[in-house]
Amino acid sequence: MKLIDEQVTDRLHELRLFSPALAREVSVTVLTPPGWQPGRRYPVLYLLHGSSDDNHCWTAHTEIVERTADSDVLVVMPDGGRIGFYHDWQVPDRKRTVPHWETFHLDELLPWVEERYGATNMRMAAGISMGGFGALRYAIRRPGLFRAVASLSGLVHLTRPGIGGLLALLSIREGVLPGRVWGSRRRNFANWAENDPYLHAAALRGTPVFLSAGDGNRQPGEETVPGMGRIERNSRAANEEFAERLRAEGVEVTTNFTGGTHFWDTWRGHLDALWPNVLATLSARNG
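With the sequence shown counted from 1, adding 1054 to any position gets you my numbering.
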């Protein structure tokens, strides 16, 4: 892959890569551990962003740089498309190429990060909203690839009533015709079901799962964002159902259900709750 590597700070790198899987240039943010050295090996956390956003959201809205200041964890934050859904598309998106997001992330980027930045096979994936879906989807499709997976306010039940309409609205907001990712839900229900984490919960046996969601109620001091309370209430209900399904399938699951809406005030708190899990999963003693 052709590369432009801009070192923003001593630890933060902004990369521009040409990806054959996407047939275009793409952005990736890499946060190296303090004292990173070529030739050394590091555990790695992949952070996946939500819809209508990009990979820069983590440094813009969270304290991920400060949070990792005393750890040896390499953090990789790739672009996943504003409505890419961590899927290999079969049709062009708004940028007029056919983006194979899964192929880019898992078959191109992952080995490249291991070669260039020393990432090991001690991996964890986490994401918010669409990115939570992506983290779960990747863990389901590639069993054993990640030591653990975390979904914060994630889309966990693709075929649940009402989700099709929500995704149609997201598509329209992003200038994409509804049904571009998995096809029409009515005509291509089997394709939707194939990509539904809830229906494939058993594939997560052996991979610990962390789930969090708010209850849709804005907490004191939180920013008011229209519609985010309703989205989070739906997410909470689906995540509670998914947690029960996981436990029934023998999957180790940790839940963090709180107040809050589908926005960064809530997600920052959930990242706080997740972080001890990240450090425990990626510690040297678990290698």
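In this text, a Cβ means the ideal position worked out from N, Cα and C, and glycines have one as well.
Those residues which DSSP pairs with F1072 across a bridge: In the DSSP output, where bridge partners are listed per residue, F1072 has E1079.
Distance between A1222 and L1099 (C-alpha atoms, nearest Å): Between L1099 and A1222, the C-alpha separation is close to 31 Å.
Close Cβ partners of A1327 (< 6 Å) along its chain, the five nearest in sequence each way excluded: Correct list, in chain order: N1310.
D1142 in three-state terms, based on DSSP: Of the three classes helix, strand and coil, the one that applies to D1142 here is strand, per DSSP.
Cβ-based neighbour list, G1341, same chain, cut-off 8 Å, excluding 5 preceding and 5 following: Only weak support exists for where G1341 lies, its pLDDT of 49 falling under 50; the value from the coordinates is given anyway. Cβ within range, chain order: P1097, T1174 and M1176.
Where the beta strand (DSSP E) through I1118 begins and ends: From DSSP, I1118 is part of no beta strand (DSSP E) but of the alpha helix (DSSP H) over I1118 to R1121.
Residue of A1204, E1306, L1300 and K1149 minimising C-alpha distance to L1333: The option with the nearest alpha carbon to L1333 is A1204.
Close-in-space but distant-in-sequence residues of the same chain around D1059 (CB under 7 Å, 5 per side omitted): Result list for D1059: H1067 and L1069, in chain order.
Residue from W1318, G1313, L1071 and A1179 with nearest C-alpha to V1263: That would be A1179, whose Cα lies nearest to the Cα of V1263.
H1211, DSSP secondary structure in three states: Correct three-state label for H1211: coil.
Straight-line Cα distance separating R1241 from V1127: One alpha carbon belongs to V1127, the other to R1241, and they sit about 44 Å apart.
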